[in-house]
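Residue 135 in our numbering sits at position 50 of the sequence shown, and the numbers go up by one each step.
Some notes on the structure that comes next.
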Amino acid sequence: MARGVSGGYRIWDNRARRWWGDHYELCPDDLLAELNGAADPGRITAQLRRYRALRR
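Here you go:
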């Protein structure tokens, strides 16, 4: 689940009850759809890696 925090969005892991991944200024639509939909860990990880590479 993506939650709004000051300055952007973070991903909240309901199972572990902690923040997961990086802080995002803009929440990508396809990542948000995957988090709120099927939540396939492989797809989520691939999308996070792609967005992390784009920020560099």
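We put the CB at the ideal spot given by N, CA and C, even for glycine.
Checklist line | Residues bridged to GLY93 (per DSSP) | finding: Secondary-structure assignment with DSSP links GLY93 through a beta bridge to VAL90.
Notebook entry, point to check: What span of residues does the beta strand (DSSP E) with ASP107 cover, start to end?
Noted result: Run containing ASP107: 103 to 109, per the beta strand (DSSP E) assignment.
Check: Is ASP114 helix, strand or coil when you go by DSSP?
Finding: Looking at ASP114 - three-state DSSP - the assignment turns out to be helix.
Check: Looking only at DSSP bridge pairs, what is ASP125 linked to?
Finding: Bridge partners of ASP125 according to DSSP: none are assigned.
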